[in-house]
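Numbering-wise (the numbering used here), the sequence shown opens with residue 9 and increments by one.
Virtual Cβ for every residue (Gly too), placed ideally from N, Cα, C.
The block underneath contains the structure these notes are about, expressed in structure tokens.
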Amino acid sequence: MVKAQLIKQSPLRILDASTHGGVGVGNIGVLAARHGLGKTSTLVHMATDKLLQGKHVIHVTFAQKPDHTIEYYEEIFAEISKLKGLAGAMQVHDEIMHNRTVMNFEPKFGTPSHVLEGLRARIEAGGFPADLVIVDEFDFFHAKREDLKQFRDFANFEALELWFSVSLEQEGDSAPQPVPHVLEKHLAQIDVLINLRHHKDDGKVHLELVKDHGNTPTDMHLILDTKTLLISQE
């Protein structure tokens, strides 16, 4: 019962409502921000919410130290448990983390075809029925238009959602347009696009919805709490 209330009361229900049900099976979401602004913690909170719903998650990372990704999951679960008073937290932790796997690729071998080959092996040969795949710090700078099309075809075939993150170089508070330049050529393949922006006026990191399928984006009034690493309401 406590877990059900936790899911229902999560600020991520606002994200779902604002994006007309979320990214959706067979679709692609992208989280864009400057390096170090909180992309991984945002995606891990989203993933943990899925895990609490009994879903299976694969988190792809190109980091030199993949253990840091696992540490994010531990920290964020601990914060959720503490803030919401999750009963039997350790038992719930063991149940849901069994449904999460982290895959690490060296950047030089992390081509789209290599990543997709690894994902298919984990899902089909490895018997891991993923509902959500996160590709953290995907190299959109060198990706071709057809690369994202391959990922979309994969998501449709495997009946799962895909979330990517991308680190921006020049974009930020002074970005001339909502869609980061590096994503312009890929926008047709992206269903949901969210920018993480640090607002100088209030010092908070805001989640700004830039693309919502074919709908007009709305202000979600969601921020990333940099102390708890959790998405929360303004």
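query: H189 versus L195: straight-line alpha-carbon distance, rounded; result: 10 Å
query: Inside the region 67-126 only - alpha helix (DSSP H) runs reaching at least 4 residues; result: 75-92, 97-105
query: Residues sharing a beta bridge with F159, DSSP; result: Per DSSP, none; premise fails for F159.
query: Per DSSP, cross-strand counterpart(s) of E166; result: According to DSSP, E166 bridges with nothing at all.
query: Proximity below 8 Å, CB of V52 to CB of I84; result: yes
query: Helix, strand or coil at H206 [DSSP, three-state]; result: strand
query: Counterpart residues of H214 in DSSP-defined beta bridges; result: R205, I231
query: K219 - DSSP class collapsed to helix/strand/coil; result: strand
query: Span separating the alpha-carbon of V123 from that of W171; result: 14 Å
query: Candidates Q158, A138, H206, N35: closest to K47 by CA position; result: H206
query: Close beta carbons around S18, own chain, < 7 Å, minus the five adjacent residues each side; result: D57
query: Cβ neighbours of T234 in the same chain (closer than 7 Å, five flanking residues each side left out); result: G46, V213
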